[in-house]
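Protein chains in written order, with this note's numbering: chain A, 250 to 555; chain B, 5 to 333.
Following: one structure in structure tokens, then a few remarks.
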């Protein structure tokens, strides 16, 4: 996702599950069935896959081959090596293993903290009546459109004043803040869908808000939490702007910062760049592919962030 | 306790992380325990416990800095002297910023239209085919990749080697040119077309988003509408044009505006591929350059405000369209 950003609302019509017979009946319905249609679809699929595939092949080729020939000549210049990855991970100049740790250390709290805070806030907006609730919720909702760029100069000077600049703390805090409006909005939408009777029943039994939140709502919200967690995870792991502004020092910078830097200073050393790019991509790809279902659900509920 | 601020080894880093998460859990736990006394605690205190932390962070991290930036955009590079609208005048009149504004306009127009078009065509083509899930995953995958990663992938496609005997192209795009009997071309460097080659990267990323949302919209079209159209003898391309498109129009508007907003704020691609050189900069990248590499805080602030102002009409349009489509229903 691209970086990341946010439109309000927009729930696209929810997908409907079709029964098998319905599916078969509808088969020819909307399809533009012609050889041209298939050709276009295949061409698009190839066009979308080739760029990544080419770099992946390259990352396993010996350095000399990469410099002299294109990856499509792989079969006439075979050669498979993990040296590029070794060099990228542990080589003195790139040292991606350290940056990988930084990415992990940045991402985990930056996902856990905003989700927790947003869950609590979303609960209050959905299930506690208080004066000014709707107004406050609209205000939080509206904050989604604020480009994070507009906050960065003042935030940085505050962090410098506090003596925290360039540490993990400011990166966590910033990511948590920037993730909150979307998180509150998304989780509130999911939370409002829970039947009122469930909450009422718990209340009659004498449960307080905290108990209702943990025992009644939380278990039902797991899919929603998963959906937002994936967003926030991809957004934080793949982020460049926040990391570059608040945590570009070597002992804090994540993979994206290092990769962008290498692309600028050693832009023609493809053995390093190709391996580095895949080291940075492997975690989000695994998360994404294994949890795709939740991601799509979040997307359709209006979860796009920037 | 220096490691809390300057963690150098991996062990220290994980330790700081655990400390942070632990601290957070303890603080939030204390807040919740404090408000979990339904009979003793007044309602407002409970509300404060639930939304207080989030609201506090939003005010600290979004509202205050936003207003502060708007204020600072009227000051000079060090934030000392009030200079009125001079920063904005500069942005709109100086030649170098004219290019930035022009590029931003091209990005915001081209990316949403192209990505939505491709996503829509693809969603229709693979809808209800045997390979639907796999075919969608292929287009979808770029969304999981960072824009930095995507930029590297495409930079490699565009890689240029001088046209000399014995030198092979290693970038696919230039190899295709050579196969076609043309001269290799400096895709990333040659202005003004290089902007379009950077835009390709963003389209490549965003098409998956468009496809996912539009595919869901297409699947939600009521069967009776399609049946009725079929009885009237409508099919194929005409079905697409006169039935599918009008029915999914609200979803289309949402996709286009969402991508437009995302595109407006994108800086990673320009930063990674050209660093804003060769006349490729956009407002979001220029903001970073002015504020954090040239340290012209006033000008940087005005760029950020400009971004915000540019987003507003798109959002307003989006909300308007949603209202309209609700009225029709």
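Here a beta-carbon is modelled for each residue, glycine too, at the ideal position from N, C-alpha and C.
Rounded to the nearest whole angstrom, the CA to CA distance from residue 528 of chain A to residue 345 of chain A is 8 Å. Excluding residues up to 5 positions away in sequence, 320 lie with their Cβ nearer than 7 Å to the Cβ of residue 303 of chain A in the same chain. With respect to chain A, the C-beta atom of residue 62 of chain B has a partner C-beta closer than 9 Å. For the 9 Å CB-CB criterion, residue 329 of chain A and residue 310 of chain A form a contact. Apart from the 5 residues on each side of it in sequence, residue 284 of chain A has no Cβ closer than 8 Å to any other Cβ in its chain. Put simply, the backbone Cα of residue 23 of chain B is about 28 Å away from that of residue 150 of chain B.
When the Cα atoms are used, residue 499 of chain A and residue 353 of chain A turn out to be separated by approximately 15 Å. For residue 223 of chain B, the enclosing alpha helix (DSSP H) stretches over residues 198-223. The beta carbon of residue 283 of chain B sits no closer than 9 Å to any beta carbon of chain A. DSSP places residue 244 of chain B within a helical segment (H, G or I) once states are collapsed to three.
Apart from sequence neighbours up to five positions away, the residues of its chain that approach residue 322 of chain B with a beta-carbon distance below 6 Å are 261, ordered along the chain.
When DSSP states are grouped into helix, strand and coil, residue 79 of chain B belongs to the strand group. Judged by beta-carbon spacing, residue 519 of chain A lies beyond the 9 Å limit of residue 505 of chain A, meaning their Cβ atoms are not closer than that value. The stretch 88-98 of chain B makes no contact with the stretch 181-189 of chain B, as fewer than three CB pairs between them are under 8 Å. Take residue 318 of chain A, set aside five residues on each side of it, and the residues of its chain with a beta-carbon closer than 7 Å to its own are 326, in chain order.
With 16 or more other Cβ atoms from the protein chains shown falling within 10 Å of its own Cβ, residue 415 of chain A counts as buried.
A direct Cα-Cα distance of roughly 49 Å separates residue 66 of chain B from residue 313 of chain A. Annotated as proximal: residue 479 of chain A and residue 543 of chain A, with beta-carbon spacing under 9 Å. Each residue's CA atom was taken as its position, placing residue 15 of chain B and residue 21 of chain B some 10 Å apart. About 7 Å separates the beta carbon of residue 165 of chain B from that of residue 188 of chain B, a gap short enough to meet the 8 Å contact definition. Put simply, the stretch 242-252 of chain B does not touch the stretch 279-286 of chain B. Fewer than three CB pairs are less than 8 Å apart.
Taking CB atoms only, residue 505 of chain A has a neighbour in chain B less than 9 Å away. In the DSSP assignment, residue 191 of chain B forms no beta bridge with any residue. Counting only the Cα atoms, residue 311 of chain B lies some 29 Å from residue 371 of chain A. Proximity of the stretch 197-212 of chain B to the stretch 109-122 of chain B meets the contact definition, three or more beta-carbon pairs being nearer than 8 Å.
Per DSSP, reduced to three states, the secondary structure at residue 482 of chain A is helical. Taking 9 Å as the threshold, the shortest C-beta distance from residue 172 of chain B to chain A falls below it. The Cβ atoms of residue 501 of chain A and residue 355 of chain A sit closer than 9 Å to each other. Contiguous alpha helix (DSSP H) elements confined to the stretch 413-465 of chain A occur at 417-441, 445-453, taking only those with 4 or more residues. For residue 86 of chain B, the beta-bridge partners assigned by DSSP are B:79.
Note that the C-beta distance between residue 84 of chain B and residue 305 of chain B is not below 9 Å. Straight-line measurement puts the Cα of residue 466 of chain A at about 30 Å from the Cα of residue 532 of chain A. A Cβ of chain A is located within less than 9 Å of the beta carbon of residue 301 of chain B.
The C-beta of residue 430 of chain A comes closer than 9 Å to at least one C-beta of chain B. DSSP places residue 398 of chain A in the uninterrupted alpha helix (DSSP H) bounded by 398-411.
A contact is defined here as three or more CB-CB pairs under 8 Å, and the stretch 421-430 of chain A meets this definition with respect to the stretch 389-401 of chain A.
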